[in-house]
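Protein chains in written order, with the working numbering: chain A, 1 to 97; chain B, 1 to 393.
Just so you know, even glycine gets a beta-carbon here, dropped at the ideal spot from N, CA and C.
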Amino acid sequence: MKLKGWRELTPGAVILDAGNAVEFKTGSWRSFRPIWKEENCIQCMFCWIYCPDMAIKVKDGKRAEFDYDYCKGCGICALECPGKKGKKAIVMVEEGK
Amino acid sequence: MSIIVAVTGNEAVANALRQVNPDVSAAYPITPATDIMQRFTSFVSNGKVKTEMILVESEHSAMSACVGASAAGGRVMTATSSQGLALMWEMLFIASGLRLPIVMPVVNRALSAPLNIHGDHSDAMGARDSGWIQLWSENAQESYDNTIQAFRIAEHMDIRLPVMVCLDGFIISHSIERIEYLEDDDVTNFIGEYKQLNALLNIEHPISYGPLILPDYYMEFRMAQNEVMKKVTGFVLDVAKEFEKISGRKYGLFETYRLDDAEIGLVILNSAAGTSKDVVDEFRNKGIKAGLLKPRLFRPFPYEEIGRALKHLKAVCVLDRADAFGGSYGPAFIDIATSLYPYSERPTLINKIYGLGGRDYLPEHAEQVLNELVEIANTRKLKTVKEYIGVRG
Numbered sequence: 001m002k003l004k005g006w007r008e009l010t011p012g013a014v015i016l017d018a019g020n021a022v023e024f025k026t027g028s029w030r031s032f033r034p035i036w037k038e039e040n041c042i043q044c045m046f047c048w049i050y051c052p053d054m055a056i057k058v059k060d061g062k063r064a065e066f067d068y069d070y071c072k073g074c075g076i077c078a079l080e081c082p083g084k085k086g087k088k089a090i091v092m093v094e095e096g097k
Numbered sequence: 001m002s003i004i005v006a007v008t009g010n011e012a013v014a015n016a017l018r019q020v021n022p023d024v025s026a027a028y029p030i031t032p033a034t035d036i037m038q039r040f041t042s043f044v045s046n047g048k049v050k051t052e053m054i055l056v057e058s059e060h061s062a063m064s065a066c067v068g069a070s071a072a073g074g075r076v077m078t079a080t081s082s083q084g085l086a087l088m089w090e091m092l093f094i095a096s097g098l099r100l101p102i103v104m105p106v107v108n109r110a111l112s113a114p115l116n117i118h119g120d121h122s123d124a125m126g127a128r129d130s131g132w133i134q135l136w137s138e139n140a141q142e143s144y145d146n147t148i149q150a151f152r153i154a155e156h157m158d159i160r161l162p163v164m165v166c167l168d169g170f171i172i173s174h175s176i177e178r179i180e181y182l183e184d185d186d187v188t189n190f191i192g193e194y195k196q197l198n199a200l201l202n203i204e205h206p207i208s209y210g211p212l213i214l215p216d217y218y219m220e221f222r223m224a225q226n227e228v229m230k231k232v233t234g235f236v237l238d239v240a241k242e243f244e245k246i247s248g249r250k251y252g253l254f255e256t257y258r259l260d261d262a263e264i265g266l267v268i269l270n271s272a273a274g275t276s277k278d279v280v281d282e283f284r285n286k287g288i289k290a291g292l293l294k295p296r297l298f299r300p301f302p303y304e305e306i307g308r309a310l311k312h313l314k315a316v317c318v319l320d321r322a323d324a325f326g327g328s329y330g331p332a333f334i335d336i337a338t339s340l341y342p343y344s345e346r347p348t349l350i351n352k353i354y355g356l357g358g359r360d361y362l363p364e365h366a367e368q369v370l371n372e373l374v375e376i377a378n379t380r381k382l383k384t385v386k387e388y389i390g391v392r393g
């Protein structure tokens, strides 16, 4: 994205358009990456509810892949995930490994 | 038509605020500014204004509430002094950075410690680089006139910056003078209906104030703020011209007094300029070409215009009612020296610190300084650049 010059900015850094967080990809902040293990997923949707961003995609009412453009790797989804028979459906893996 | 009254500086400013009838005000009492807001809250209680008056628990909260109300889309004002202004410090930069046109009379008072409630410019001088426009006022009339003009300057759609109107504590705020009020309707018409810019409470178009700006954009926003400051002097003169039409009173970026053919001159802010003008007259009667320059718009500082007005003098003394500790010079001296720096031929400059904590500035002080300037102009020899006057050894 081309950065704006000082003449193009709104006075006082006011943001005039709602919902523009989508333009600001925050996935690079992540140091731990959540991995979805579909075989352990019971479709409880806890991860979707607890995600403080909107990084859990849903397709046809079912949980789909993570949106890694916005997932900051907080790990809340992995903590809340009940899994199946003691096995988590979301595990955190260090980025770069 | 004007109305002639005998009132204190604070009363005059409070009356200007009544005539402006702002949407919101938030304030906390502090001597000597208390009187302005005390009178204004009476106007609110008695239905003379429609202002939403918010009584808060500190000046930090007062300025915070003003920031919120201004961002929401209202015409907003408050008033303070000294420690109150110091406590607002953090929010001053937020008001100017968010480009909110808040108007604030500052009744100049010394800073603690030692605790002192009297006239001194340390408070507003400390806040001179906070991004606020500053107008300084010699007497009650100028305080009243500047308060009304401040709203027009702050709210100009190409500026949108907060304005401080400075007047000397007690000397002006609590002394009764003869002044002329404008008719209420003339003030209403002069300031016009408040125009919103990016009002936060417009639910049809939700917006955000105060986002985090990282290194990729922060400098561009600061550049934009610097550029808007450059436009202020022009608009201050435009507003002054329009104000002259309704009041008959002329204002500029600064006032010059017998300066055009002067060889020696004083530069002095606010009330002490009045005393100094009398002494300038005495020197003129003796055949000595003395003059005076009194800054009105101190931020942004009109460097080029002031440089041009002073460059032909032989010797100039800048009198500061505030000191900048650390072996440096008084704040007014620093800017006057900067404005003369581009000229290879320029007056010899000296700096006197006077009147701190309400210490009387007497005609004999101006006389002493002018006599020193006569000597410097004749000999071109300088003893001390910076010196305290009216102080015991």
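Residue contact with chain A for residue 202 (chain B): absent (no Cβ-Cβ distance below 8 Å to any residue of chain A).
Beta bridge pairing from DSSP links residue 168 (chain B) with B:108. Of all residues in the region 53-71 of chain A, none has a C-beta nearer than 7 Å to a C-beta of chain B.
For residue 131 (chain B), not one C-beta of chain A is nearer than 8 Å to its own C-beta.
The beta carbon of residue 132 (chain B) lies closer than 6 Å to those of 96, 162, 164 in the same chain, with the five residues before and after it left out. Where residue 34 (chain A) is concerned, there is no enclosing alpha helix (DSSP H), although the beta strand (DSSP E) around it starts and stops at 32-36. Nearest to residue 352 (chain B) by C-alpha distance, out of B:299, B:379, B:265, B:300, is B:265.
Listed in chain order, the non-local C-beta contacts of residue 62 (chain B) below 6 Å within the same chain comprise 26, 27, 28, 56, 78, local neighbours out to five positions each way being set aside.
When C-alpha distances from residue 143 (chain B) are compared across B:104, B:360, B:282, B:222, the shortest belongs to B:104.
Annotation: residue 7 (chain B) to residue 175 (chain B) spans about 8 Å, alpha carbon to alpha carbon.
Assignment of residue 92 (chain A) by DSSP, reduced to helix, strand and coil, places it in the strand class. Three or more pairs of CB atoms, one per stretch, sit closer than 8 Å, so the region 79-94 of chain B contacts the region 119-128 of chain B. Pairwise C-beta distances place the region 33-53 of chain A out of contact with the region 235-254 of chain B, as fewer than three of them are shorter than 8 Å. Residue 351 (chain B) is bridged by DSSP to B:318, B:386.
The C-alpha of residue 76 (chain B) lies about 15 Å from the C-alpha of residue 60 (chain B). Secondary structure at residue 293 (chain B): strand, using DSSP grouped into helix, strand and coil. Sequence-distant partners of residue 45 (chain A) (beyond 5 residues in either direction) whose C-beta falls short of 7 Å from its own C-beta, in its chain, are 63.
Not flagged as an interface residue toward chain B: residue 27 (chain A), since no C-beta distance is shorter than 8 Å. If you draw a 10 Å sphere on the C-beta of residue 181 (chain B), you find 16 or more other C-beta atoms in it, and that means buried. Residue contact with chain A for residue 98 (chain B): present (Cβ-Cβ distance below 8 Å to some residue of chain A).
Taking 4 residues as the shortest admissible run, the region 39-76 of chain B contains the following complete alpha helix (DSSP H) segments, listed from N- to C-terminal end: 59-72. Chain B has no Cβ within less than 8 Å of the Cβ of residue 36 (chain A). For residue 24 (chain B), the enclosing beta strand (DSSP E) covers residues 24-27. Under the 8 Å criterion on CB atoms, residue 155 (chain B) is classed as non-interfacial with respect to chain A. In summary, residue 156 (chain B) is buried, with 16 or more beta-carbon neighbours lying within 10 Å of its beta-carbon over all protein chains present.
Between the region 305-316 of chain B and the region 340-351 of chain B, the count of C-beta pairs closer than 8 Å reaches three or more; the two stretches touch. In the displayed model, residue 367 (chain B) falls within a helix according to three-state DSSP. Contact of residue 93 (chain A) with chain B by beta-carbon distance below 8 Å is absent, the smallest such distance being about 28 Å.
Annotated three-state conformation of residue 181 (chain B) is strand, per DSSP. When Cβ pairs closer than 8 Å are counted between the two stretches, the region 213-220 of chain B is seen not to touch the region 266-275 of chain B, the count staying below three. Close partners of residue 13 (chain A) in chain B (Cβ separation under 7 Å): 211, 213, 221. Around residue 198 (chain B), the beta-carbon contacts reaching into chain A at under 9 Å are 10, 11, 12, 14, 16. The region 209-248 of chain B contains, as complete alpha helix (DSSP H) runs of 4+ residues, the segments 218-247 (chain order). Within a 10 Å sphere around the beta-carbon of residue 388 (chain B) sit fewer than 16 other beta-carbons, which makes this residue exposed. Closer than 8 Å to the CB of residue 5 (chain A) there is at least one CB belonging to chain B. Judged by DSSP in its simplified three-state form, residue 373 (chain B) adopts helix.
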